[in-house]
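Remarks on the structure that follows.
In our numbering, the protein residues as written are 1 to 126.
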């Protein structure tokens with residue numbers, strides 16, 4: 001859920017918490033210039049997947065985005081272990097592409113982080 005959200009009384013996992021009427025996950029993905037060749041991976045703890053059927057909800061909210069759900073069978077110890085778990089599920093072709101990681105802790109309103117990464121490819125990190 002995200003400990004701060006759970007302590008504040010939210011029952012939904014952080015990606016589905018409504019901020020100004022939209023789930024956080026949509027705020028994160030709304031302003032990305034996704035291309036048909038982009039792969040979007042969602043790492044979801046198994047407990048959240050079972051309780052909320054997150055895959056069905058996400059596919060209903062964003063039918064035009066091709067998601068790959070990576071179910072995490074354990075609670076990771078943080079961002080690095082989560083990213084490692086996802087990269088292990090990538091195909092050889094997918095793993096050769098640049099990797100941009102985003103989470104539902106930061107909303108980039110009006111900023112296309114993916115575009116910034118593309119234009120700075122081969123340069124400093126964004």
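From the three backbone atoms N, C-alpha and C, an ideal C-beta is built for every residue, glycine too.
Determine the direct distance from the alpha carbon of residue 19 to that of residue 49, and round the result to whole angstroms. Residue 49 and residue 19 have their alpha carbons spaced roughly 21 angstroms apart.
Segment contact, 8 angstroms Cβ cut-off, at least three pairs: the segment 70-82 with the segment 24-39: Contact between the segment 70-82 and the segment 24-39 is absent, because fewer than three Cβ pairs lie under 8 angstroms.
Does the beta-carbon distance from residue 44 to residue 54 come in below 8 angstroms? Closer than 8 angstroms, so yes.
Bridge partners for residue 18 per DSSP, in chain order? Answer is 23.
In angstroms with no decimal places, state the Cα-to-Cα distance between residue 25 and residue 15. A direct Cα-to-Cα measurement between residue 25 and residue 15 gives close to 5 angstroms.
Assign residue 116 to buried or exposed, taking buried as 16 or more other Cβ atoms, counted over all protein chains shown, within 10 Å of its Cβ. In summary, residue 116 is exposed, with fewer than 16 beta-carbon neighbours lying within 10 Å of its beta-carbon over all protein chains present.
Count the other CB atoms, across all protein chains shown, that sit within 10 Å of the CB of residue 13; report buried if there are 16 or more and exposed otherwise. It is buried - the Cβ of residue 13 has at least 16 other Cβ atoms within 10 Å.
Spatial neighbours of residue 7 within its chain, please: C-beta separation below 7 angstroms, excluding the five flanking residues on both sides. Counting only Cβ-Cβ distances below 7 angstroms, and skipping sequence neighbours, we find nothing.
Can you have a look at residue 58 and say buried or exposed, based on whether 16 or more other CB atoms are within 10 angstroms of its CB? Residue 58 should be labelled buried.
Quick one: is residue 23 buried, meaning 16 or more other Cβ sit within 10 Å of its Cβ, or exposed? Answer is buried; the Cβ neighbour count reaches 16.
CB of residue 66 within 8 angstroms of CB of residue 86, strictly: Taking 8 angstroms as the Cβ cut-off, residue 66 and residue 86 do not qualify as a contacting pair.
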